[in-house]
Amino acid sequence: MYVIVVGGGKVGLNLGRELIRNDQEVTLVEQDRRTYLRIEQELEHAVQYGDGTELWVLERAGIQRADLVVAVTGDDEDNILICQVAKEKYLCERIIARCNNPRNLQHFKLLGIGPAVSATDLILNLIEHEVPGHGLVHLLDLPDEKLEIIEVEVDAGAPAAGMQVSEIRLPEGSLIISVLPRGKAGFVPTSDTVIQAGDEVLIVLDPGLEQAITSQFAPNGAHG
Amino acid sequence: MMVLVVGAGRVGSAVAKSALAAGHTVSVLDEDPLSHERLDAGQTTSWEDAGGRFTVGTAIEIDALMAAGIEEADVFICSTDGDNTNLTVAQIAQKRFGIQRVIVRVLDPARSEWYAEQGLNTICPTKIAIEMFKNAVLEPVER
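As you go down the protein sequences, you meet chains A and B in turn.
For the first sequence, the numbering used here assigns the number 15 to the initial residue and increments by one for each residue that follows.
For the second sequence, the numbering used here assigns the number 117 to the initial residue and increments by one for each residue that follows.
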């Protein structure tokens with residue numbers, strides 16, 4: 015696989031290093047002269063000096079034959095434009111963008127740039143996962159594949175509390191894939207597993223079904 | 117007509133002033149509060165007294181664009197000093213706010229051309245300068 019990584023900061027350099035270690039062909043593009051000279055000592059010919067938002071720089075890096083373009087500069091506008099050009103001008107099939115400011119995620123979505131990875135959001139999700147009493151956690155979102163995995167806690171007054179898995183009224187396109195009882199190891203349930211209040215359940219679902227699902231696990235079927 | 121100018125540098129402030137003088141409603145957004153001075157320079161009244169609006173904020177922030185009145189804008193001009201900011205914000209104005217006339221300054225000729233093909237109204241000062249230089253250089257020298 016040929017991968018172009020734009021941005022030779024901490025994220026880009028480590029990414030390039032790991033990809034090379036995994037026997038992938040990599041070109042890392044860095045526009046700051048001093049940073050370039052420093053990382054060039056380690057990665058040698060796998061680094062190219064230049065502004066990765068300029069077309070000729072991308073062309074010199076061989077974007078026409080790239081299987082994957084990863085834009086991980088510290089500037090969201092740059093990352094958006096690099097990916098937009100890679101996808102729409104050079105018809106690169108796979109792109110991955112870094113989103114530095116989670117408030118800019120809406121712009122990536124608007125312009126069809128995805129997946130966009132926001133470190134802040136990833137950490138926030140992990141914090142949600144660690145903080146008890148928080149209703150719903152997104153564990154995985156794959157919009158292109160139309161797949162989500164969420165984790166919900168079963169409230170004491172919820173319709174699903176005390177029910178067998180087969181009795182819970184889940185919409186079509188969703189499935190309980192794991193039950194995590196408080197303080198015990200999680201397991202894959204069968205249709206007669208009884209869900210208890212306080213359990214956490216992992217559900218795989220089609221995007222858009224969230225409300226219908228969480229209402230089964232929130233008190234009195236309230237939308238949560 | 118309501119004209120929103122993002123980036124009050126030499127170009128943006130001059131365009132804003134002419135639009136206001138031509139009788140349009142003009143709002144200017146810039147992240148630097150001091151850029152306001154360009155709007156007052158050479159005028160007999162202050163920008164606000166002349167009827168202009170000025171908002172301090174970052175172009176890519178939706179809140180700043182809203183505060184500057186993007187929802188009422190008929191014309192949107194991106195003239196910050198960053199090509200990538202201009203191109204991103206121009207597309208937000210076009211695709212999210214549905215503004216018909218979006219004019220964007222792009223210094224890089226190659227991308228100016230490609231984004232023009234994608235439906236953006238780009239203006240490339242570099243290309244214009246290159247043409248002028250070429251003409252000046254190739255003009256026959258009188259001896």
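Each residue gets a CB set at the ideal place from its N, CA and C atoms; glycine is no exception.
As assigned by DSSP and simplified to three states, the class of T41/A: To locate residue 41/A, count along the first sequence from 1; it is residue 27. Looking at T41/A - three-state DSSP - the assignment turns out to be strand.
If you measure between the beta carbons of V122/B and T196/B, is that distance less than 8 Å? Here the question's residue 122/B lines up with position 6 in the second sequence. Here the question's residue 196/B lines up with position 80 in the second sequence. Going by C-beta atoms, V122/B is nearer than 8 Å to T196/B.
Counting beta carbon pairs with one atom in the segment 220–233 of chain B and one in the segment 164–174 of chain B, are three or more of them shorter than 8 Å? no
Could you confirm whether any beta carbon from chain A is found closer than 8 Å to the beta carbon of Q159/B? Taking the first residue of the second sequence as position 1, residue 159/B is located at position 43. Chain A, which has no Cβ nearer than 8 Å to the Cβ of Q159/B, makes this no.
In the segment 137–162 of chain A, which residues sit with their C-beta less than 9 Å from some C-beta in chain B, listed in chain order? none
If distances are taken between C-alpha atoms only, which option among M117/B, G158/B, G235/B, L223/B comes closest to G185/B? The residue you call residue 185/B lines up with position 69 of the second sequence. Per the Cα distances, M117/B.
Short CB-CB distance (under 8 Å) between G238/A and chain B: Looking up residue 238/A in the first sequence gives position 224. Residue placement at G238/A is poorly supported in this model, since its pLDDT is 43, which falls under 50; the coordinates still yield a value, given next. Proximity of G238/A to chain B, defined by a Cβ-Cβ separation below 8 Å, is not satisfied.
In this structure, does DSSP put R169/B in helix, strand or coil? Counting from 1 along the second sequence, the entry for residue 169/B is found at position 53. Three-state result, R169/B: strand.
In terms of DSSP beta bridges, what is Y16/A paired with? In the first sequence, the residue the question calls residue 16/A occupies position 2. Answer is E39/A, bridged to Y16/A.
Taking the alpha helix (DSSP H) that N200/B belongs to, which residues open and close that run? In the second sequence, counting from the first residue as 1, residue 200/B sits at position 84. The continuous alpha helix (DSSP H) containing N200/B extends over residues 199–211.
I'd like the list of long-range same chain contacts for V205/B, defined as Cβ closer than 7 Å, with 5 residues on each side in sequence excluded. In the second sequence, counting from the first residue as 1, residue 205/B sits at position 89. Cβ neighbours of V205/B beyond the five flanking positions: V122, A175, I176, C194.
My output table needs one value for A111/A: the three-state DSSP class, helix, strand or coil. Within the first sequence, the letter at position 97 stands for residue 111/A. Here A111/A sits in strand by DSSP.
Selected residue, minimal CA-CA separation from I219/B, among H140/B, I246/B, N202/B: Within the second sequence, residue 219/B is the residue found at index 103, counting from 1. Answer by Cα proximity: N202/B.
Give the straight-line distance between the Cα atoms of G198/B and D92/A, rounded to the nearest whole angstrom. Here residue 198/B refers to the residue found at position 82 of the second sequence. Here residue 92/A refers to the residue found at position 78 of the first sequence. If I take the Cα positions, the gap works out to 10 Å.
If you draw a straight line from the C-alpha of G238/A to the C-alpha of F122/A, how long is it? For this step, residue 238/A is matched to residue 224 along the first sequence. For this step, residue 122/A is matched to residue 108 along the first sequence. In this prediction, G238/A has a pLDDT of 43, which is less than 50 and means its spatial position is unreliable; what the coordinates show is noted afterwards. About 27 Å.
Measuring only the C-alpha atoms, how far is R221/B from N237/B? One-based indexing of the second sequence puts residue 221/B at position 105. One-based indexing of the second sequence puts residue 237/B at position 121. About 9 Å.
Local conformation of F10/A per DSSP, three classes: Beyond the ends of chain A as shown, which are 15 and 238, falls residue 10/A; an answer cannot be given.
Which residue or residues does DSSP assign as beta-bridge partners of G141/A? For this step, residue 141/A is matched to residue 127 along the first sequence. Here the sequence assigns Ile to residue 141/A, which means Gly is not the residue at that position. In the DSSP output, where bridge partners are listed per residue, I141/A has none listed.
Which residues in the same chain as V17/A place their Cβ atom closer than 6 Å to its Cβ, once the five residues preceding and following it in sequence are excluded? Here residue 17/A is taken as the residue at index 3 of the first sequence, counted from 1. Contacts found: L33, Q38, V40, L82.
The segment 105–132 of chain A: positions lying closer than 9 Å to chain B by Cβ: N115, R117, N118, Q120, H121, L124, L125
Among K101/A, T207/A, G197/A, Q230/A, which one has its Cα closest to the Cα of A170/A? Here residue 170/A refers to the residue found at position 156 when the first sequence is read from its first residue. When each option's Cα is compared against that of A170/A, the closest is Q230/A.
With H, G and I counted as helix, E and B as strand and the rest as coil, what does DSSP make of Y231/B? Taking the second sequence and counting its residues from 1, one reaches residue 231/B at position 115. Here Y231/B sits in helix by DSSP.
The segment 64–94 of chain A: which residues have C-beta closer than 8 Å to a C-beta of chain B, in chain order? For the segment 64–94 of chain A, which is checked against every Cβ of chain B, the residues closer than 8 Å are T67, E68, L69, W70, D89, D90, E91, D92, I94.
Are V166/A and G149/A touching if we call contact CB-CB under 8 Å? Start at 1 with the first residue of the first sequence, and residue 166/A comes out as number 152. Start at 1 with the first residue of the first sequence, and residue 149/A comes out as number 135. It is a contact, given that the beta carbons lie within the stated cut-off.
Between A132/B and R217/B, what straight-line distance do the alpha-carbon atoms span, to the nearest angstrom? Residue 132/B sits at position 16 when you count from the first residue of the second sequence. Residue 217/B sits at position 101 when you count from the first residue of the second sequence. Distance between the alpha carbons of A132/B and R217/B: 15 Å.
If A111/A and C97/A are in contact, beta carbons under 8 Å, what's the gap, nearest whole angstrom? Here residue 111/A corresponds to residue number 97 of the first sequence, with the count starting at 1. Here residue 97/A corresponds to residue number 83 of the first sequence, with the count starting at 1. Confirmed, about 5 Å.
Own chain partners of V168/A with C-beta closer than 8 Å, once the 5 adjacent residues on each side are dropped: As a position in the first sequence, residue 168/A is number 154, starting the count at 1. Only A174, A175, I209, Q210, A211, G212, D213, E214, V215, F231 meet the Cβ criterion.
Determine the DSSP secondary structure at H140/B, reduced to helix, strand or coil. The sequence position of residue 140/B within the second sequence is 24, counting from 1. Residue state, collapsed to three classes: coil.
Please report the residue range of the beta strand (DSSP E) in which V193/A lies. Your numbering for residue 193/A matches position 179 in the first sequence. That run of the beta strand (DSSP E) goes 188–194.
Per DSSP, what kind of secondary structure is Y306/A in: helix, strand or coil? No answer is possible for residue 306/A: the residues shown for chain A start at 15 and end at 238.
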